[in-house]
Amino acid sequence: MQRDDIQKLGAQAARDGLTLWDCPYYRAAAMPAHTGETIAAWRDKVEAWEAGWMTQTKTWKPPPGGVPRYVPRAVARRAQ
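Counting in my numbering, the sequence shown runs from 34 upward without gaps.
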């Protein structure tokens, strides 16, 4: 799946009300130990999905009296 397609899936997930923790690449079956892909390739998919999700939610306003439903990334990407 191409990066653009993965970003679109992330944006759709945001529109559906899912959080960053709902990224399908966080499931055990999609992690490198199960798929055999490299960690870098898996990380690129995660970052593409999150980018789509973040782009979709960036323009949202928090609900009145509430807070936005997202969990910010705890770890910044390390320089390679």
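Even glycine gets a Cβ: it sits at the ideal position worked out from N, Cα and C.
Just so you know, the alpha carbons of Met34 and Leu42 end up roughly 11 Å apart. Taken atom to atom, the span from the alpha-carbon of Pro65 to that of Ala74 is near 9 Å. When only Cα atoms are considered, Gln89 and Asp49 end up about 11 Å apart. By the criterion of a C-beta distance shorter than 6 Å, Ile39 is surrounded in its chain by Lys78, Ala81 and Trp82, once the five residues flanking it on both sides are discounted.
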